[in-house]
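Working notes for the structure below.
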Amino acid sequence: MPVYNLEFQTQIKVRPQTAYDHLRDPHNLVGLQPLLIQVDNVRHVGQGVSYETVEAFRWMNMILYRNRIRVQAAFTDPPHQMKMVVHSFPKITLNVEYTFTPQSDSVLVKETMQIHTYAWLAKFVTSEATKAQTALFENLKNRLEGLSAKLTENPVS
C-alpha cells in the first residue's frame, strides 16, 4: 500500500507542557479537528491512551457518513513528543508524531504524518487530512492562546 507524507506546524505562545497536556487528552480534540464529533471508549494503557472517535463527513451541512476511528497514542517523551497510530475504514492507517520544541516565549508544535492508503483513495484522504489538520492547528493556537490571555487578565488568587 502506498505511503503519503504530510507535515504541519504552528507556533503557540504557551509553555510546551500546556500544549502537550492539551493534545494528550482525547476529549480536547472535539472542537479542534472539524471532522470529529465524538470521542469514546477512552482507556489509559501504560504510557499512553487508546480511544475511538467518530468523524462526520458532510455535504451541504448534512452528515452523509459517520466514520469510526481507532486511535492508540503513546506519550513517548513528555512534554516533547507523542506518537499516534490511527486506523480508519477502509484499511487506512496514519502514523502520526507530534513534537513540542520550546522557543523563547512559546512552543513550536510540529506534526508529521504518514498515511497508508489505497492509491485510488489517496487524493481524497490526503486532502481531507490536510484540511482537518490545518484547522486543528489553527484552532489549537486560538484556544490555547485565548486561555493563556484569560489567565493573564484574571489571575487566580
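Residue numbering for the sequence shown follows this note's numbering, beginning at 277 and increasing consecutively. Note that CB positions come from ideal geometry on N, CA and C, so glycine has one too. Computed from a predicted structure; not experimentally measured.
Buried versus exposed, by CB contacts within 10 Å (16 or more), residue i
i	result
P278	exposed
A395	exposed
V318	exposed
I339	exposed
M336	exposed
Q287	exposed
L423	exposed
Under 7 Å between C-beta atoms of residue i and residue j
i	j	result
F351	G324	yes
Y327	P302	yes
T393	V385	no
N304	Q390	no
H363	R346	yes
V290	Q314	no
P310	P378	no
T369	Q357	no
E373	T388	yes
V383	N371	no
F284	F413	yes
CB contact below 7 Å: residue i versus chain B
i	result
I339	The structure shown has no chain B; it contains just one protein chain.
Quiz item: Counting only runs that start and end within the region 360-411, where is the beta strand (DSSP E) found for 3 or more residues in a row?
Solution: 368-378 and 383-392
Exercise. Could I get the ranges of all uninterrupted beta strand (DSSP E) runs contained in the region 285-338, with 3 residues as the minimum, in chain order?
Key: 312-321 and 324-335
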